[in-house]
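**Q**
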Amino acid sequence: MANPDDQDSNQDAQPPIDQNLSDQSGTDREGRWSQEFPPEKNAGAVFRQAPTTFERIRDEEVLKGGEVFGPFESEEEWELAKWLIKNVGANQMEAFLKLPIVRQRIDAQYRTKTDLLELVDSLPGGVKWECEELTIQGDCLDINGKPLTETLELWHRDPVEIMKELIGNPLFKDVMAYEPQKVFVDAEGKNRVINEMWTADWWWKVQEQLPKGATVAPVILSSDKTTLSQFRGDKSAWPLYLTLGNISKSIRRQPSSHSTVLIGYIPVGKYDCYTDKSKQFARYRVFHYCVRLVLESLAKAGREGVKMVCSDGYERWMWPIIAAYVADYPEQCLVACCMENRCPICKVGRDERGMHAENPLRDKNETLDLLRRQEENTHTLASSKLYQDLGLRHVVPPFWADLPFCNIFEAFTPDLLHQLHKGVFKDHLVKWCTAIVGEKEIDSRFRAMSGYAGLRHFKNGISSVSQWTGREHKEMERVFVGLLAGAVEDRVLKAVKSILDFIYFASLHSHTSSTLQGLQTALDEFHAHKSVFIELEARYPGHFNIPKIHSMEHYRMLIELFGSADGFNSESPERLHIDYAKDAYRASNKKDFLIQMTVWLQRQESVDRWTVFLEWMKHGSLAPDEIIDTVPLPHDDQPLDETEDNNTDQVHTPTAALNYKVTAKHAPALQSVPASQIVADQHASQFIPALSKFLRHRGGSIIPQPFDTFGLYKWIKFRLPDIPEASCKKLDDVVRAIPPIPSVGRCQAQLAVIDFALVRTGEQNKHTDGTILQGLRVAQVRVIFRLPQIYGVQIVHPLAYIEWFTPFSPPDTTSGLYSVSRSTRMHQPYAEIIEVNRLVRGCHLIPKFGRHINAAWTSANVGDLCHSFFINPYLDIHTFCALNNSMPGCF
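Residue numbers for the sequence shown follow this note's numbering, beginning at 12 and rising by one.
1. Assign Glu529 to buried or exposed, taking buried as 16 or more other Cβ atoms, counted over all protein chains shown, within 10 Å of its Cβ.
2. Just to confirm my understanding: we take Glu585, look at its own chain, exclude 5 residues before and 5 after, and list those with CB closer than 7 Å. What are they?
3. By the 10 Å Cβ neighbour count, where 16 or more other Cβ atoms means buried, how is Gln682 classified, buried or exposed?
4. At what residues does the beta strand (DSSP E) containing Thr162 begin and finish?
5. Do three or more CB pairs link the stretch 598-608 to the stretch 530-546 at distances below 8 Å?
6. Let's test the definition: count the other Cβ atoms within 10 Å of the Cβ of Pro570 and tell me whether it reaches 16, buried, or not, exposed.
7. Could you have a look at Gln148 and say whether DSSP puts it in helix, strand or coil?
8. In chain order, what residues of the same chain have a beta carbon less than 8 Å from the beta carbon of Ile264, not counting five sequence neighbours either side?
9. First and last residue of the alpha helix (DSSP H) that includes Arg458?
10. Should Phe816 and Ala790 be called a contact, given that it needs their Cβ atoms to be closer than 8 Å?
11. Secondary structure at Val99, three-state DSSP: helix, strand or coil?
12. Name the residue from Val138, Lys704, Val851 whose alpha carbon lies nearest to the alpha carbon of Ile783.
13. Quick one: measure Cβ to Cβ for Trp166 and Gly275, integer angstroms, because I've assumed they're closer than 8 Å.
14. Confirm, please, whether the CB-CB distance from Asp733 to Ala464 is below 8 Å.
15. So which of Val794, Thr772, Phe796, Val792 has the shortest CA-CA distance to Gln785?
16. I need the boundaries of the beta strand (DSSP E) containing Arg793, first residue and last residue.
17. Go ahead and label Val320 buried or exposed: buried means 16 or more other beta carbons lie within 10 angstroms of its beta carbon, across all protein chains shown.
18. Would you mind giving the Cβ-Cβ distance between Ser461 and His855, rounded to the nearest angstrom? I have them listed as a contact below 8 Å.
19. In the DSSP assignment, find the unbroken alpha helix (DSSP H) run with Asp212 in it and report its ends.
20. So Gln60 packs on Glu88, CB below 8 Å; how close in whole Å?
21. Let me know the secondary structure DSSP gives Thr923 once reduced to three states.
22. I'd like to check one pair, Ala748 with Val792: are the Cβ atoms closer than 8 Å?
23. Can you name the start and end residues of the alpha helix (DSSP H) that Asp380 belongs to?
24. If contact is defined by three or more beta carbon pairs under 8 Å, each pair taking one atom from either stretch, is the stretch 293-307 in contact with the stretch 186-197?
25. For Ala695 versus Tyr812, is the C-beta spacing smaller than 8 Å?
26. For the stretch 538-587, which segments carrying the alpha helix (DSSP H) assignment without a break, of at least 4 residues, lie completely within its bounds, in sequence order?
27. Can you tell me where the alpha helix (DSSP H) with Ser289 in it begins and where it stops?
28. From Cys349 to Ser477, what distance separates their C-alpha atoms?
29. Taking only the alpha-carbon atoms, compute the straight-line gap between Arg114 and Lys97 and give it to the nearest angstrom.
30. Identify the continuous alpha helix (DSSP H) that holds Thr125 and give its terminal residues.
31. If you count every other CB in all the chains shown that lies within 10 Å of the CB of Lys442, and 16 or more means buried, which is it?
32. Can you tell me where the beta strand (DSSP E) with Glu72 in it begins and where it stops?
33. For Ala211 and His520, what's the separation of their Cα atoms in angstroms?
34. Tell me whether Glu483 sits in a helix, a strand or coil according to DSSP, three-state version.
35. I'd like to know whether the C-beta atoms of Ala92 and Leu127 end up nearer to each other than 8 Å.
36. If you reduce the DSSP assignment to three classes, tell me which class Asp438 lands in.
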């Protein structure tokens with residue numbers, strides 16, 4: 012292997028600076044234990060300080076004098092140019108700059124589109140595009156008997172130079188890792204933590220094979236063919252993307268971070284020079300040939316290493332290794348050189364993918380040998396049979412043949428969107444359950460589902476939905492187990508629950524040994540009960556030889572290898588298609604469009620890069636994206652206008668124990684509302700008696716009357732505690748108590764929205780002892796209000812009128828769901844007035860529909876008409892973690 016001192020001989024190599032800790036273990040900010048890589052290997056070592064790309068650009072700009080705005084004379088000129096490039100097409104740009112008002116009032120140095128584009132092109136650019144023409148000769152003959160040919164264009168960029176841009180971006184300084192580590196919940200090292208790529212096994216394993224002082228750069232590739240023309244034509248593009256596992260997955264997932272970069276367009280030809288029989292195989296060979304060309308420099312760097320200046324301003328000996336490949340199932344098979352009736356990861360038989368059994372993984376050397384023998388026609392009888400059994404496709408050589416330290420059959424990461432949400436759940440499980448329960452009954456249950464802030468209401472059921480997206484799949488998953496409870500027999504419900512448990516465990520943002528065991532247990536449970544779908548004739552034909560169900564067998568292994576699956580979801584490339592393919596195509600004239608797309612992309616990236624550079628000049632580090640709140644939804648999917656927070660009545664807890672906020676909107680209906688109206692509008696029948704009791708306990712002497720008026724709050728928002736397994740961006744929880752809104756003009760009247768919540772009581776319940784629900788009870792929060800001063804009682808917090816539910820019953824043995832019922836006193840709701848600091852968070856209750864739904868129930872009235880409910884643990888990942896007794900959740 013090469014020595015780092017042999018690289019870049021024009022630079023003076025310095026002895027590596029050991030940045031490892033003096034000992035091999037310690038604790039992090041969350042109190043977890045970490046084991047560092049053995050210090051004698053000097054993983055992630057630095058050799059010298061060096062200026063980053065941004066620092067070099069800054070120095071050059073400073074030498075020019077004046078403010079740093081590149082070729083632009085002022086910040087205003089730059090902002091206008093940026094807006095035009097990012098939002099306006101070329102023709103409209105020219106028309107805008109020629110408007111008399113623009114020419115007269117804006118004294119910019121660019122007066123035409125050409126002037127502006129020249130300035131943008133002069134910005135410090137990124138990696139340039141190159142084009143290679145490929146001529147393929149088919150097996151069809153022309154009228155003269157000569158083979159027909161077709162010319163293809165491969166547009167690509169040097170992935171090593173792209174990698175240097177990423178690894179050296181100073182904005183990534185605080186979200187970059189350079190060495191592997193093992194993290195544990197406990198000091199004994201029995202409960203492992205796996206989340207980021209550097210905490211998983213692959214990086215550690217590869218680091219052990221590299222020389223001392225090397226730094227691994229795990230390369231993550233993704234590709235996905237996409238259609239460019241929407242309504243007519245057959246224009247397509249095949250983007251190939253690259254990102255690095257050194258960057259935190261929370262940043263990699265954000266398109267705005269520009270941490271995933273387009274490195275090539277794989278040709279999408281017509282292949283008319285081939286017969287129909289050989290056309291598909293020609294596409295396979297062209298794909299592998301082109302990807303191999305694109306990755307040529309990366310393969311060389313992965314064998315020798317290359318010096319790079321990293322985001323922290325230190326030079327390291329980087330070894331780019333292809334670690335993961337994100338693709339859907341057909342493309343995984345294309346990359347693995349196998350047929351689509353086989354698994355691209357293991358050697359399972361083509362008719363055995365429905366079996367719950369461990370199979371040996373495909374072997375890289377064995378596969379290459381079989382492909383070589385096929386090419387040379389030197390197969391023995393045994394090798395020919397193995398070639399057929401493995402379902403190989405004749406592609407020689409595949410692009411991964413010479414990639415160092417890369418086992419392509421371990422590189423296919425879990426695909427939550429296509430394999431689980433869309434595949435296993437929507438395409439199979441929902442279809443089977445609908446066949447058992449009936450389409451009409453399923454639709455009725457979805458229509459009558461109780462509401463919750465942010466929960467999608469399928470007001471027309473699901474059978475009428477014509478176009479499904481990942482969001483709809485996830486929304487169905489949130490209620491599916493409780494929706495089926497009572498409608499199907501126990502084995503069906505157990506199978507459904509196990510699939511949903513698997514999906515939620517697989518979607519965790521951080522794993523432990525315990526959660527991975529939960530993932531495995533859920534898979535075991537499904538296979539133990541799956542036969543019921545065949546017995547009930549819901550699954551036809553009578554087998555489970557389904558690729559996406561088989562893919563679940565590999566999830567645990569792949570998570571242990573590469574980290575949590577949310578860092579590799581194929582939703583990210585699909586989102587990138589908008590920026591890197593569809594928008595680029597729309598900016599072209601639709602003829603000879605690839606070259607126009609690359610020019611457009613180059614300019615877009617130049618503007619993005621310069622924007623990031625200016626941000627770095629101002630802040631010096633990555634400005635984290637603002638945490639997106641879970642916006643309170645007053646009526647189903649209608650978002651509440653949060654701009655009202657600027658001048659509203661906000662009440663916060665005086666301590667950090669419970670962080671909540673209540674906001675009164677500027678609506679006259681919430682000011683001076685009579686108690687009689689509260690009782691009528693929000694069905695708070697015991698409001699006045701409960702308030703009288705509350706005032707007596709607080710030493711008040713005034714008896715409330717129906718004509719007394721109160722100021723009402725529409726909702727209360729809680730900040731949930733951060734737990735490692737769930738996203739830190741969805742921690743706002745909302746409980747609504749919104750009165751009905753009368754019709755005004757064309758705006759239709761809206762019914763009251765009343766939510767449920769968990770309330771702290773401190774009471775003992777043997778069914779919840781030792782769980783997160785200990786000391787909690789469910790209540791319906793009908794009114795949130797401020798106590799008027801006239802009552803003479805000093806209250807720190809706002810008050811809530813609640814109606815209690817019974818203590819938690821033991822979890823249902825089949826569904827595992829806790830159940831509650833309405834609590835009554837003297838045939839009246841058991842109501843109480845409490846201070847809102849006793850509210851812990853909202854909860855979603857799913858009605859116990861029984862065998863057949865009550866025809867009178869609707870989403871608007873089911874909360875009042877239904878008597879018994881299930882607590883919904885599948886509301887979101889945070890709730891799933893908290894209510895799962897096998898996990899250390901918290902509120």
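Yeah, the Cβ is synthetic: ideal placement off N, Cα and C, and Gly gets one too.
**A** If we stick to the structure as given:
1. For this step, residue 529 is matched to residue 518 along the sequence shown. With the sequence shown as reference, residue 529 is identified as Gly, and Glu is not the correct amino acid for it. Buried is the call here.
2. Locating residue 585 in the sequence shown gives position 574, where the first residue counts as 1. Closer than 7 Å at Cβ, skipping near neighbours: Asp235.
3. As a first step, residue 682 is located in the sequence shown; it is residue number 671 there, counting from the start. Looking at its Cβ environment, which holds fewer than 16 other Cβ atoms inside 10 Å, Gln682 is exposed.
4. Here residue 162 refers to the residue found at position 151 when the sequence shown is read from its first residue. Element bounds for Thr162: 158-167.
5. no
6. Residue numbering aside, residue 570 sits at position 559 when the sequence shown is read from its first letter. What sits at residue 570 in the sequence shown is Ile, not Pro. Per the 10 Å Cβ criterion, buried.
7. Here the question's residue 148 lines up with position 137 in the sequence shown. In the structure shown, Gln148 sits in a strand (DSSP, three-state: E or B).
8. The residue you call residue 264 lines up with position 253 of the sequence shown. Going by the sequence as given, residue 264 is Arg instead of Ile. Cβ within range, chain order: Asp577, Gly578, Asn580, Ser583.
9. Mapped onto the sequence shown, residue 458 falls at position 447. Run containing Arg458: 450-458, per the alpha helix (DSSP H) assignment.
10. As a first step, residue 816 must be located in the sequence shown, where it is residue number 805. As a first step, residue 790 must be located in the sequence shown, where it is residue number 779. Going by C-beta atoms, Phe816 is nearer than 8 Å to Ala790.
11. Here residue 99 corresponds to residue number 88 of the sequence shown, with the count starting at 1. Note: Val99 maps to coil in three-state DSSP.
12. Mapped onto the sequence shown, residue 783 falls at position 772. Minimum Cα distance to Ile783 is reached at Val851.
13. Mapped onto the sequence shown, residue 166 falls at position 155. Mapped onto the sequence shown, residue 275 falls at position 264. Correct: roughly 6 Å between the Cβ atoms.
14. Along the sequence shown, one-based indexing puts residue 464 at 453. Along the sequence shown, one-based indexing puts residue 733 at 722. It is not a contact, given that the beta carbons lie outside the stated cut-off.
15. As a working mapping, residue 785 is identified with position 774 in the sequence shown. For the residues Val794, Thr772, Phe796, Val792, the minimum Cα distance to Gln785 belongs to Thr772.
16. Along the sequence shown, one-based indexing puts residue 793 at 782. From DSSP, the beta strand (DSSP E) with Arg793 extends over 787-797.
17. To locate residue 320, count along the sequence shown from 1; it is residue 309. Its Cβ being crowded by 16 or more others within 10 Å, Val320 is buried.
18. On the sequence shown, position 450 is the one that residue 461 refers to. On the sequence shown, position 844 is the one that residue 855 refers to. With a Cβ gap of about 7 Å, Ser461 and His855 count as contacting.
19. Here residue 212 corresponds to residue number 201 of the sequence shown, with the count starting at 1. Run containing Asp212: 212-218, per the alpha helix (DSSP H) assignment.
20. Start at 1 with the first residue of the sequence shown, and residue 60 comes out as number 49. Start at 1 with the first residue of the sequence shown, and residue 88 comes out as number 77. That belief does not hold up - the Cβ atoms of Gln60 and Glu88 are roughly 35 Å apart, past 8 Å.
21. Only positions 12 to 902 of the chain appear in the structure, and residue 923 is not among them; the question remains open.
22. By 1-based counting over the sequence shown, the position of residue 792 is 781. By 1-based counting over the sequence shown, the position of residue 748 is 737. Yes, the pair counts as a contact, with Cβ atoms nearer than the cut-off.
23. Locating residue 380 in the sequence shown gives position 369, counting from the first residue. First-last of the alpha helix (DSSP H) with Asp380: 375-387.
24. no
25. For this step, residue 695 is matched to residue 684 along the sequence shown. For this step, residue 812 is matched to residue 801 along the sequence shown. It is a contact, given that the beta carbons lie within the stated cut-off.
26. 542-546, 558-562, 566-573
27. Taking the first residue of the sequence shown as 1, we reach residue 289 at position 278. 287-305 is the extent of the alpha helix (DSSP H) around Ser289.
28. Within the sequence shown, numbered from 1, the residue matching residue 349 stands at position 338. Within the sequence shown, numbered from 1, the residue matching residue 477 stands at position 466. If you take the alpha carbons of Cys349 and Ser477, they lie about 33 Å apart.
29. By 1-based counting over the sequence shown, the position of residue 114 is 103. By 1-based counting over the sequence shown, the position of residue 97 is 86. Cα-Cα distance, rounded: 21 Å.
30. As a working mapping, residue 125 is identified with position 114 in the sequence shown. Note, Thr125: alpha helix (DSSP H), 124-132.
31. By 1-based counting over the sequence shown, the position of residue 442 is 431. It is exposed - the Cβ of Lys442 has fewer than 16 other Cβ atoms within 10 Å.
32. Indexing the sequence shown from 1 puts residue 72 at position 61. Segment 64-75 is the alpha helix (DSSP H) holding Glu72; no beta strand (DSSP E) there.
33. Taking the sequence shown and counting its residues from 1, one reaches residue 211 at position 200. Taking the sequence shown and counting its residues from 1, one reaches residue 520 at position 509. If you take the alpha carbons of Ala211 and His520, they lie about 13 Å apart.
34. The residue given as residue 483 occupies position 472 in the sequence shown. Helix.
35. Along the sequence shown, read from residue 1 onward, the residue named residue 92 stands at position 81. Along the sequence shown, read from residue 1 onward, the residue named residue 127 stands at position 116. The answer is yes: Cβ separation under 8 Å.
36. Against the sequence shown, residue 438 aligns to sequence position 427. Reduced to three states, the DSSP call for Asp438 is helix.
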